[in-house]
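The block underneath contains the structure these notes are about, expressed in structure tokens.
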Amino acid sequence: NTKITQSPRYLILGRANKSLECEQHLGHNAMYWYKQSAEKPPELMFLYNLKQLIRNETVPSRFIPECPDSSKLLLHISAVDPEDSAVYFCASRSGTGTNERLFFGHGTKLSVL
Amino acid sequence: QEKVQQSPESLIVPEGAMSSLNCTFSNSASQSIWWYQQHPGKGPEALISIFSNGNKKEGRLTVYLNRASLHVSLHIRDSQPSDSAVYLCAVSLSYNQGKLIFGQGTKLSIKP
Chain X
333 NTKITQSPRY LILGRANKSL ECEQHLGHNA MYWYKQSAEK PPELMFLYNL KQLIRNETVP
393 SRFIPECPDS SKLLLHISAV DPEDSAVYFC ASRSGTGTNE RLFFGHGTKL SVL
Chain U
1108 QEKVQQSPES LIVPEGAMSS LNCTFSNSAS QSIWWYQQHP GKGPEALISI FSNGNKKEGR
1168 LTVYLNRASL HVSLHIRDSQ PSDSAVYLCA VSLSYNQGKL IFGQGTKLSI KP
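Protein sequences, first through last, are from chains X and U.
Residue numbering for the first sequence follows the working numbering, beginning at 333 and increasing consecutively.
Residue numbering for the second sequence follows the working numbering, beginning at 1108 and increasing consecutively.
What follows is the structure, given as structure tokens:
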């Protein structure tokens, strides 16, 4: 899926600060950050709709989302913990109600040293 | 808290045979049930969804939903090696503003 781009693709961190970036070219109003740990299903971290934060799941405060415009999503990470090692997916949503459908990017694989 | 359970955890099916995957959910008010396919190193990709009781067919895929038993199944006819992937059942709740709850997945392997 080249219509949702994420960068970087891979990230290896010690206790540093870094930002993940996502951009969607689908014209969708809702965007998500999901975390997928090894052998686990994706878990919702944050949801934005029309640049407004709608849901903020129980996520450590070292993760701070930002939505500079409706097509871009950032995830700022500070002082990462080994439990943060996972793939972070950006997604956007089309449709409403029973027609809602999520489109996922290829993910950013974060490895914490 | 909505719970989504999938079975089996893994499944090996000969090429050309039918693959059958199961999913149960805990909330009868669930809006839609989606099946996503995830290949290694890739993001999940939506395959097919169902909202109403009964079945829905798209190409080689058929889904069956029984809201009374809180059960949905996915059947892949004429399974191909390219169908080998993890299949995620996802439930959308009407009051959760677009939040999808994913099951733990079924790893499907198609043997040539």
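Where is the CB? At the ideal position from N, CA and C, for every residue including glycine.
Owing to the predicted nature of the structure, the values given are computational and were not obtained by experimental measurement.
Interface flag, residue i vs chain X, CB-CB below 7 angstroms
i, result
"Lys1218 (chain U)", "no"
"Leu1195 (chain U)", "yes"
"Ser1186 (chain U)", "no"
"Ser1199 (chain U)", "yes"
Pairwise C-alpha distance: residue j and residue i
i, j, result
"Gln338 (chain X)", "His357 (chain X)", "12 angstroms"
"Arg394 (chain X)", "Leu376 (chain X)", "16 angstroms"
"Pro1147 (chain U)", "Phe1209 (chain U)", "17 angstroms"
"Val1198 (chain U)", "Gln1138 (chain U)", "7 angstroms"
"Leu1195 (chain U)", "Val1111 (chain U)", "10 angstroms"
"Leu407 (chain X)", "Ser443 (chain X)", "15 angstroms"
"Val412 (chain X)", "Asn349 (chain X)", "7 angstroms"
"Lys427 (chain X)", "Gly1205 (chain U)", "Per the sequence shown, residue 427 (chain X) should be read as Gly rather than Lys. Near 10 angstroms, if we compare the C-alpha coordinates of Gly1205 (chain U) and Gly427 (chain X)."
"Ala1124 (chain U)", "Glu353 (chain X)", "42 angstroms"
"Arg1222 (chain U)", "Leu343 (chain X)", "Only positions 1108 to 1219 of chain U appear in this structure, which leaves residue 1222 (chain U) out of reach."
Interface partners of residue i on chain U, CB under 7 angstroms
i, result
"Pro340 (chain X)", "Ordered by position in chain U, no residue passes the 7 angstroms Cβ test against Pro340 (chain X), which lies about 15 angstroms from the chain."
"Leu434 (chain X)", "Ala1153 and Leu1207"
Under the three-state DSSP convention, the category residue i falls into
i, result
"Pro1121 (chain U)", "strand"
"Asp1190 (chain U)", "helix"
"Thr430 (chain X)", "helix"
"Asp413 (chain X)", "coil"
"Asn349 (chain X)", "coil"
"Leu445 (chain X)", "coil"
"Gln1145 (chain U)", "strand"
Short CB-CB distance (under 7 angstroms) between residue i and chain U
i, result
"Pro397 (chain X)", "no"
"His438 (chain X)", "yes"
"Glu415 (chain X)", "no"
"Thr390 (chain X)", "no"
"Phe421 (chain X)", "yes"
"Leu376 (chain X)", "yes"
Under 8 angstroms by beta carbon: chain U residues contacting residue i
i, result
"Arg425 (chain X)", "Gly1205"
"Leu405 (chain X)", "Within chain U, no residue comes near Leu405 (chain X); the closest Cβ sits about 14 angstroms away, beyond 8 angstroms."
Neighbouring residues, chain X, relative to residue i (Cβ below 7 angstroms)
i, result
"Pro1115 (chain U)", "Within chain X, no residue comes near Pro1115 (chain U); the closest Cβ sits about 15 angstroms away, beyond 7 angstroms."
Within chain X, the residues that residue i reaches when beta carbons sit closer than 9 angstroms
i, result
"Gln1211 (chain U)", "Glu371, Lys372 and Pro373"
Where residue i meets chain X, residues with beta-carbon distance less than 8 angstroms
i, result
"Gln1189 (chain U)", "A small correction: the amino acid at residue 1189 (chain U) is Ser; Gln does not occupy that position in the sequence shown. Result: empty, since nearest Cβ-Cβ is about 17 angstroms, beyond 8 angstroms."
Would you list, in chain order, the members of the stretch 1133–1148 of chain U that have their beta-carbon closer than 7 angstroms to a beta-carbon of chain X?
Gln1138 and Ser1139
Closer than 8 angstroms, Cβ to any Cβ of chain X: which residues of the stretch 1151–1169 of chain U, in chain order?
Pro1151, Glu1152, Ala1153, Ser1156 and Phe1158
Residues in the stretch 334–368 of chain X having any Cβ partner in chain U nearer than 7 angstroms
Ala362
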